[in-house]
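Worksheet: one structure, shown below.
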Amino acid sequence: MRASYKLETQALVNFLVTTGQKKIGMIYHKDDLTKSKPEDDRRPHAQHGFALVGSASVTVIRAT
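Reading the sequence shown from the start, the letters are residues 989 to 1052 in the numbering used here.
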């Protein structure tokens, strides 16, 4: 069993904050299966009192 995307994102942001990072951008996988959502990236940042600097989605294209 693994953590949800939301929990993984929160853990990553928490770690980066402990190292002194205050400007964090997120890149997330855009697909229907995982339903990655940009708003899930904003919540952990807001809990630490700062805004997400930027985010972008990527689509993985696999060669056949």
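From the three backbone atoms N, C-alpha and C, an ideal C-beta is built for every residue, glycine too.
Rounded C-alpha distance that separates residue i from residue j
{"i": "Phe1003", "j": "Thr1047", "result": "26 Å"}
{"i": "Arg990", "j": "Ala999", "result": "13 Å"}
{"i": "Pro1032", "j": "Leu995", "result": "9 Å"}
{"i": "Ile1012", "j": "Ala1051", "result": "31 Å"}
{"i": "Gly1037", "j": "Ile1049", "result": "36 Å"}
{"i": "Leu1040", "j": "Tyr993", "result": "17 Å"}
{"i": "Gly1008", "j": "Gly1042", "result": "18 Å"}
{"i": "Lys1010", "j": "Ala1034", "result": "11 Å"}
DSSP bridge partner residues for residue i (one or two, in chain order)
{"i": "Val1001", "result": "Partner(s): none; Val1001 has no beta bridge."}
{"i": "Thr1044", "result": "The amino acid at residue 1044 is misidentified as Thr; the sequence shows Ala. Per DSSP, Ile1015."}
Residue i beta carbon near the ligand HEM (any heavy atom closer than 6 Å)
{"i": "Ala1034", "result": "The ligand HEM is not among the ligands present in this structure, which contains no ligands whatsoever."}
Residue i versus the options, residue with shortest Cα-Cα distance
{"i": "His1017", "options": "Arg1050, Ala1044 and Met989", "result": "Ala1044"}
{"i": "Met1014", "options": "Thr1007, Val1001, Gly1008 and Thr1006", "result": "Val1001"}
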